[in-house]
Amino acid sequence: MIVYDIVVNGEVKETIRPQKLRLKELYAYMLEQSKQMKMKYGENTRVLKRILY
Numbered sequence: 001m002i003v004y005d006i007v008v009n010g011e012v013k014e015t016i017r018p019q020k021l022r023l024k025e026l027y028a029y030m031l032e033q034s035k036q037m038k039m040k041y042g043e044n045t046r047v048l049k050r051i052l053y
């Protein structure tokens with residue numbers, strides 16, 4: 001499972017666990033989420049991907 005951490009100023013604020021598994025759907029979903037997170041936390045926001053086994 002792929003999860004995404006929202007990092008603001010070096011601190012993890014949120015973890016997003018998408019329910020969709022297809023890469024095309026995941027990509028579109030994360031583009032939308034990253035825009036929302038930048039609006040919520042500001043411009044100093046990074047999205048980091050990691051894999052949970």
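Under the UniProt record's numbering, the first residue of the sequence shown is numbered 1, with each subsequent residue one higher.
Each residue gets a CB set at the ideal place from its N, CA and C atoms; glycine is no exception.
In terms of Cα proximity to K40, the closest of L23, K20, V7 and I2 is V7. Pairing V3 with R50 gives a Cβ-Cβ distance under 8 Å. Separation of K13 and D5 (C-alpha to C-alpha, rounded to the nearest whole angstrom) is 8 Å. Taken through DSSP and simplified to helix, strand or coil, E43 comes out as coil. Secondary structure note for Y4: its beta strand (DSSP E) is the uninterrupted segment I2 to V8.
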